[in-house]
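Enquirer:
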Amino acid sequence: MLTPDPPPDDPWITRLDKALRDRLGDTARTWLDEALTEALNEATSPAPAAPPRWEARFASAGRHCVRREPPHHADPEAAEAARVLILCAARADGATVTRLYEHGTAAERRAVLLALSRLPLSTDGHAGLPLIEDALRTNDTRLVAAAVGPYAARHLDAHAWRHAVLKCLFTGVSVDAVAGLAERSRGDAELARMLGDYARERTSAGRPVPDDLPRVLTLTQLSPLSADAPAGLPNDASAGPSGHASADPSPEEA
Amino acid sequence: MRIFDPHIHMTSRTTDDYEAMYAAGVRALVEPAFWLGQPRTSPASFFDYFDSLLGWEPFRAAQHGIAHHCTIALNPKEANDPRCTPVLDELPRYLVKDSVVAVGEIGYDSMTPAEDTALAAQLQLAADHGLPALVHTPHRDKAAGLKRTLDVLRESDLPPDRVVLDHLNETTVGDATDSGCWLGFSIYPDTKMDPERMVRILRVHGTERVLVNSAADWGRSDPLKTRHVGEAMLAAGFSDDDVDQVLWRNPVAFYGQSGRLSLDITDPGVLHEGNSILRGGE
Ligand SMILES: [Zn+2]
Numbered sequence: 155m156l157t158p159d160p161p162p163d164d165p166w167i168t169r170l171d172k173a174l175r176d177r178l179g180d181t182a183r184t185w186l187d188e189a190l191t192e193a194l195n196e197a198t199s200p201a202p203a204a205p206p207r208w209e210a211r212f213a214s215a216g217r218h219c220v221r222r223e224p225p226h227h228a229d230p231e232a233a234e235a236a237r238v239l240i241l242c243a244a245r246a247d248g249a250t251v252t253r254l255y256e257h258g259t260a261a262e263r264r265a266v267l268l269a270l271s272r273l274p275l276s277t278d279g280h281a282g283l284p285l286i287e288d289a290l291r292t293n294d295t296r297l298v299a300a301a302v303g304p305y306a307a308r309h310l311d312a313h314a315w316r317h318a319v320l321k322c323l324f325t326g327v328s329v330d331a332v333a334g335l336a337e338r339s340r341g342d343a344e345l346a347r348m349l350g351d352y353a354r355e356r357t358s359a360g361r362p363v364p365d366d367l368p369r370v371l372t373l374t375q376l377s378p379l380s381a382d383a384p385a386g387l388p389n390d391a392s393a394g395p396s397g398h399a400s401a402d403p404s405p406e407e408a
Numbered sequence: 003m004r005i006f007d008p009h010i011h012m013t014s015r016t017t018d019d020y021e022a023m024y025a026a027g028v029r030a031l032v033e034p035a036f037w038l039g040q041p042r043t044s045p046a047s048f049f050d051y052f053d054s055l056l057g058w059e060p061f062r063a064a065q066h067g068i069a070h071h072c073t074i075a076l077n078p079k080e081a082n083d084p085r086c087t088p089v090l091d092e093l094p095r096y097l098v099k100d101s102v103v104a105v106g107e108i109g110y111d112s113m114t115p116a117e118d119t120a121l122a123a124q125l126q127l128a129a130d131h132g133l134p135a136l137v138h139t140p141h142r143d144k145a146a147g148l149k150r151t152l153d154v155l156r157e158s159d160l161p162p163d164r165v166v167l168d169h170l171n172e173t174t175v176g177d178a179t180d181s182g183c184w185l186g187f188s189i190y191p192d193t194k195m196d197p198e199r200m201v202r203i204l205r206v207h208g209t210e211r212v213l214v215n216s217a218a219d220w221g222r223s224d225p226l227k228t229r230h231v232g233e234a235m236l237a238a239g240f241s242d243d244d245v246d247q248v249l250w251r252n253p254v255a256f257y258g259q260s261g262r263l264s265l266d267i268t269d270p271g272v273l274h275e276g277n278s279i280l281r282g283g284e
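If you read the sequences in order, they're chains A and B. Adding 154 to a residue's 1-based position in the first sequence gives its number in the numbering used here. Adding 2 to a residue's 1-based position in the second sequence gives its number in the numbering used here.
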């Protein structure tokens, strides 16, 4: 079953496009126009030669989307936004995002991860999952932070998702980066156990507990809302129906 | 003293080195792709290496407040191994990357026909991609190696001001200067150059077009040799401005020819908060 293409007037993309243009100078804006036109054209009538030309734009965004004021320093956020827009314009499919991620610099990989939830990934819609898993295996916090977005919230099974949350705490990535944190942690007794064990390990070593840990722990202690359970994630049952996060994993006492 | 080390193999160095380099004034570096000590047996092994020069190593450097760029190439030693030469066909997809500021290290090791082919092909790639080239001069038979290197350079599309000839010493600096290329000197504890000899060369040749690097790697080497040269220059009567030219402005000018040098360091933590432009779109 094919996931339908995003409507061409996706308001999120329109707003992102405007926000980026407001930030760029004339030269960079012209470059962006050309890049998006190329991506759009090749999305509707793919060139016989692979890889498509827009992929060179995707790679070189960092040196074109620079600050408007001289001396035109790099603007990594603008480059990232441009890369996400290019992927959306090209309606990159699973094979394309996989190739771009595997051949990508850290900045390109981040853009792929951030765009996943906006792309028409073919067949079962899980094509981005191996990329998320790869990013979560790294210790590069730029990639970890980009991996835990809406796509991960929708597609990671309960075990992998809990480890992603724990990885954020371990590597100092703010859990603000975790999409769907409140919904997915709610009533998750196993996550509560993992957090409690981690807190105990830190305090017994005389080390501070990450500030975000008690916050997530509190979320796990809210009773689950059955209607909130993400669809198609059978392992979620293991989150425990009771919502009674066991005993006292509170770090202060551990 | 602000320092740009234009040639250092950080993959082989520890976080202690990064800390010591920052404390010594190093704020930017270029890590050229080279041999790893252990021969590689397949192109895939190169690709993982290139990926780390474009991903993990810049992340490590940024954590220590140092801007990291790299050069990409099939090195001359492994250009002789037919298991590795298919790497040449895949180089274009790496040479378009934002943090690739030159093709390198290329040049001669044993001066074989396979090295001739790889050198000429990669000089052409540099010309095609608007990139300068980092050319390693051989450790054995250096003077003859430099002559042969200059012959190949003259036949290439790459102008001399877009080439740095590296690992030069007293015997090769004259020919290298006459070629119009940039002059690279690697300061090593036992081999190559040392800080006092480097200062003598700077006295004779001046500070124009000179790059000084530690070339620190997995061998007996020292990532603070750039700083030692700066100190030796000051002790010998060079001005702070001379030191800044050699240790900062010259490498910025040389690699800046790529149009891809970005010397602001983005603290990796900033990106955890999410991209403010993307957030605005929500
Ligand atoms: Zn080297």
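Using N, Cα and C, we set each Cβ at its ideal position, and we do this for glycine too.
#1: Take ILE286(A) and list the residues in its own chain whose beta-carbon comes closer than 6 Å to its own, dropping the five residues that flank it on each side.
#2: With GLU117(B) and PRO78(B) assumed to form a contact (beta carbons below 8 Å), what rounded beta-carbon distance in angstroms separates them?
#3: Is it the case that the Cβ atoms of ALA173(A) and ALA244(A) are separated by a distance below 8 Å?
#4: Run the Cβ filter for me: residues under 7 Å from any heavy atom of ligand 1, listed in the order they occur in the chain.
#5: Would you check if the distance between the CB atom of ARG211(A) and the CB atom of GLU231(A) is smaller than 8 Å?
#6: Determine the extent of the alpha helix (DSSP H) in which CYS72(B) is found, giving its start and end residues.
#7: How would you label VAL206(B), buried or exposed, when you count the other beta carbons within 10 angstroms and need 16 or more for buried?
#8: Below 8 Å on the Cβ atoms is my contact criterion, and I expect MET3(B) with LEU249(B) to pass it. Report the Cβ-Cβ distance as a whole number of Å.
#9: Please classify GLY208(B) as buried or exposed, where buried requires at least 16 neighbouring CB atoms within 10 angstroms.
#10: Please list the partners that ARG217(A) has in chain B, where partner means a Cβ-to-Cβ separation under 7 Å.
#11: Cβ closer than 7 Å: which chain A residues qualify as neighbours of ARG199(B)?
#12: Between which two residues does the beta strand (DSSP E) harbouring TRP250(B) extend?
#13: If you compare alpha carbons, which of GLU92(B), SER241(B), THR228(B), PRO140(B) is closest to ALA46(B)?
#14: For ARG296(A), decide whether its Cβ has a neighbour in chain B, counting only Cβ atoms nearer than 8 Å.
#15: Would you give the residue range spanned by the beta strand (DSSP E) that ARG245(A) belongs to?
#16: Give a yes or no on whether the minimum CB-CB distance between HIS257(A) and chain B is below 8 Å.
#17: Short of 8 Å in beta carbon distance, which residues of its chain neighbour ASP382(A), apart from the five on each side in sequence? Order them along the chain.
#18: Quick check on the DSSP output: the alpha helix (DSSP H) that includes ILE189(B) runs from which residue to which?
#19: If I'm right that LEU31(B) touches ASP7(B) with Cβ under 8 Å, what's the distance once you round it to whole angstroms?
#20: So, at 6 Å on beta carbons, what are the nonlocal neighbours of ALA128(B) in its own chain, with the 5 sequence-adjacent residues on each side left out?
#21: Do SER44(B) and ASN82(B) have their CB atoms nearer than 8 Å?
#22: Span of the alpha helix (DSSP H) holding ILE167(A)?
#23: Taking C-beta pairs closer than 8 Å, name the residues in chain A that ASP279(B) reaches, listed in chain order.
#24: For GLY334(A), I'd like the list of residues in its chain whose CB is within less than 6 Å of its CB, leaving aside the five on either flank, ordered along the chain.
#25: Do PRO362(A) and ARG369(A) count as a contact pair if the criterion is CB distance below 8 Å?
Expert: The short version:
#1: For the purposes of this step, residue 286(A) is taken as the residue at position 132 of the first sequence. Result list for ILE286(A): ALA301, ALA306, in chain order.
#2: Position 115 of the second sequence, counted from the start, is the residue given in the question as residue 117(B). Position 76 of the second sequence, counted from the start, is the residue given in the question as residue 78(B). Taking a contact as a CB-CB distance under 8 Å, the pair GLU117(B) and PRO78(B) counts as one, their CB atoms being some 5 Å apart.
#3: As a first step, residue 173(A) is located in the first sequence; it is residue number 19 there, counting from the start. As a first step, residue 244(A) is located in the first sequence; it is residue number 90 there, counting from the start. Cβ distance not < 8 Å, so ALA173(A) and ALA244(A) don't count as in contact.
#4: The answer, residue by residue, is HIS9(B), HIS11(B), PRO34(B), PHE36(B), GLU107(B), HIS138(B), ALA217(B), ASP219(B).
#5: For this step, residue 211(A) is matched to residue 57 along the first sequence. For this step, residue 231(A) is matched to residue 77 along the first sequence. No, the Cβ-Cβ distance between ARG211(A) and GLU231(A) is not below 8 Å.
#6: Taking the second sequence and counting its residues from 1, one reaches residue 72(B) at position 70. It is not in any alpha helix (DSSP H) - CYS72(B) instead sits in the beta strand (DSSP E) that spans 69-74.
#7: One-based indexing of the second sequence puts residue 206(B) at position 204. VAL206(B) is exposed by the Cβ-count criterion.
#8: Against the second sequence, residue 3(B) aligns to sequence position 1. Against the second sequence, residue 249(B) aligns to sequence position 247. About 7 Å; that satisfies the 8 Å criterion.
#9: The residue given as residue 208(B) occupies position 206 in the second sequence. Label assigned to GLY208(B): exposed.
#10: In the first sequence, counting from the first residue as 1, residue 217(A) sits at position 63. Within chain B, the residues near ARG217(A) are ASP100, GLY261, ARG262.
#11: Working through the second sequence from its first residue, we reach residue 199(B) at position 197. Within chain A, no residue comes near ARG199(B); the closest Cβ sits about 36 Å away, beyond 7 Å.
#12: As a working mapping, residue 250(B) is identified with position 248 in the second sequence. Element bounds for TRP250(B): n/a, residue is neither H nor E.
#13: In the second sequence, counting from the first residue as 1, residue 46(B) sits at position 44. Cα-wise, what sits closest to ALA46(B) is GLU92(B).
#14: As a working note, residue 296(A) is residue 142 in the first sequence. By this cut-off, ARG296(A) is an interface position.
#15: Start at 1 with the first residue of the first sequence, and residue 245(A) comes out as number 91. No beta strand (DSSP E) contains ARG245(A), which DSSP labels as neither H nor E.
#16: On the first sequence, position 103 is the one that residue 257(A) refers to. True, the Cβ-Cβ gap to chain B drops below 8 Å.
#17: Translated into positions along the first sequence, residue 382(A) becomes position 228. For ASP382(A), the predicted model reports a pLDDT of 48, less than 50, meaning its position is unreliable; a value from the coordinates is still stated below. If we look at ASP382(A) and ignore the five residues flanking it on each side, its Cβ neighbours are GLU337, ARG340.
#18: Start at 1 with the first residue of the second sequence, and residue 189(B) comes out as number 187. Neither: ILE189(B) is in no alpha helix (DSSP H) and is coded neither H nor E.
#19: Numbered from its first residue, the second sequence carries residue 31(B) at position 29. Numbered from its first residue, the second sequence carries residue 7(B) at position 5. About 4 Å separates the two Cβ atoms, so the contact holds.
#20: Against the second sequence, residue 128(B) aligns to sequence position 126. These residues qualify, in order along the chain: VAL105, ALA135, LEU160.
#21: In the second sequence, the residue the question calls residue 44(B) occupies position 42. In the second sequence, the residue the question calls residue 82(B) occupies position 80. No. Outside cutoff.
#22: Position 13 of the first sequence, counting from 1, holds the residue named residue 167(A). Here the alpha helix (DSSP H) through ILE167(A) covers 165-177.
#23: Locating residue 279(B) in the second sequence gives position 277, where the first residue counts as 1. According to the sequence displayed, residue 279(B) carries Ile and not Asp. Those within 8 Å of ILE279(B) in chain A are LEU170, ALA173, LEU174, ARG177, GLU231, ALA232, GLU234, ALA235.
#24: Along the first sequence, one-based indexing puts residue 334(A) at 180. Around GLY334(A): ALA307.
#25: Against the first sequence, residue 369(A) aligns to sequence position 215. Against the first sequence, residue 362(A) aligns to sequence position 208. Going by C-beta atoms, ARG369(A) is not nearer than 8 Å to PRO362(A).
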